[in-house]
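Using my numbering, you'd call the opening residue of the sequence shown number 2 and step up by one each time.
All C-beta atoms in this analysis are idealised placements derived from N, C-alpha and C, irrespective of residue type, glycine included.
Since the model is a prediction, treat every value here as computed from it, not as a measurement.
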Amino acid sequence: MNIFLIGFMGSGKSSVGKRLASRMGMKFLDSDREIEKQQQKKIPEIFKKNGELAFRQMEKEWLQNLEVSNAIVSLGGGTPCFEGNMELIKQKGTSIYLILSPEAIVSRLIKSKNVRPLVEEYKNDREALLKVVEEMLNKREVFYKRADLHLDALSVDADKLDQLGNIIRSKED
Ligand code: S3P
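Below is the structure:
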């Protein structure tokens, strides 16, 4: 069974995904890193040279062609919200939505060294960033909420990871 971690930028999908994968002895994949390898370009460069629409196509194709069978997969924040991808995600595995408030997202995005083309220009202006995050999250939540499981992503400790692992294992039976 595959596990898909979905949620807004900065919600901790990759970090939770890596920790969960190592606890459960599963393979870990990050869609952004895989697309970067395929394209031999970093995400900001893809956005700059190819544009967001082309990136959404890349995400769709990557997901369609995904053939792993026992992996934890961290998806880009926009992946479930475009191109009917949420249907595919639900067909291909169990999905987990990492829930985080706009305020907490903003704090994490400001601290993060990752360059995220959709919010980069607002990083020096907390108020503007909060407004953008709130607007985007409003539009995207309808997709995220379709996930099979919802996880409070504010603090994910070892106990929470173990609980999640148990829920995942029980779904496999
Ligand atoms: C995006 C999220 C990013 C990355 C790209 C677009 C989005 O991934 O795919 O910058 O549309 O939310 P993370 O959620 O891992 O930051």
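Identity of the residue in the options nearest residue i by Cα
| i | options | result |
| --- | --- | --- |
| S12 | I36, V143, R170, A105 | A105 |
| L54 | E84, N115, S113 | E84 |
| G166 | A22, L67, H151 | A22 |
| F147 | Y123, G94, S113 | The sequence as given places Arg at residue 147; Phe does not occur at that position. Ranking Y123, G94, S113 by Cα distance to R147 puts G94 first. |
| K172 | P45, A154, L150 | L150 |
| D126 | C82, K19, K112 | K112 |
| V74 | S32, M87, R109, N86 | S32 |
heavy atom of ligand 1 below 7 angstroms from residue i C-beta
| i | result |
| --- | --- |
| P81 | no |
| P103 | no |
| R34 | no |
| K132 | no |
| I44 | yes |
| K124 | no |
| R117 | yes |
| K38 | no |
| M10 | yes |
| K19 | no |
N- and C-terminal bounds of the alpha helix (DSSP H) containing residue i
| i | result |
| --- | --- |
| Y145 | 127-145 |
| V107 | 103-112 |
| L30 | Careful: L30 lies outside any alpha helix (DSSP H), inside the beta strand (DSSP E) at 28-31. |
| F48 | 44-50 |
7 angstroms CB neighbourhood of residue i in its chain, flanking five on each side removed
| i | result |
| --- | --- |
| V69 | N3, K28, L30 |
| E37 | K43, I44 |
Rounded distance between the beta-carbons of residue j and residue i, thought under 8 angstroms
| i | j | result |
| --- | --- | --- |
| L99 | G8 | 4 angstroms |
| V17 | V157 | 5 angstroms |
Sequence-distant residues of its chain with Cβ nearer than 8 angstroms to residue i (five each side left out)
| i | result |
| --- | --- |
| G79 | R57, E60, L119, R141 |
| L131 | P103, E104, V107 |
| I47 | I36, E37, Q40, A55, F56, M59 |
Enclosing beta strand (DSSP E) for residue i [first to last residue]
| i | result |
| --- | --- |
| S96 | 95-100 |
| L76 | Note, L76: premise wrong, no beta strand (DSSP E); not H, not E. |
Cutoff 8 angstroms: residue i Cβ touching any chain B Cβ
| i | result |
| --- | --- |
| L130 | In summary, chain B is missing from the structure at hand, where a single protein chain is found. |
Cβ neighbours of residue i in the same chain (closer than 6 angstroms, five flanking residues each side left out)
| i | result |
| --- | --- |
| D153 | I100 |
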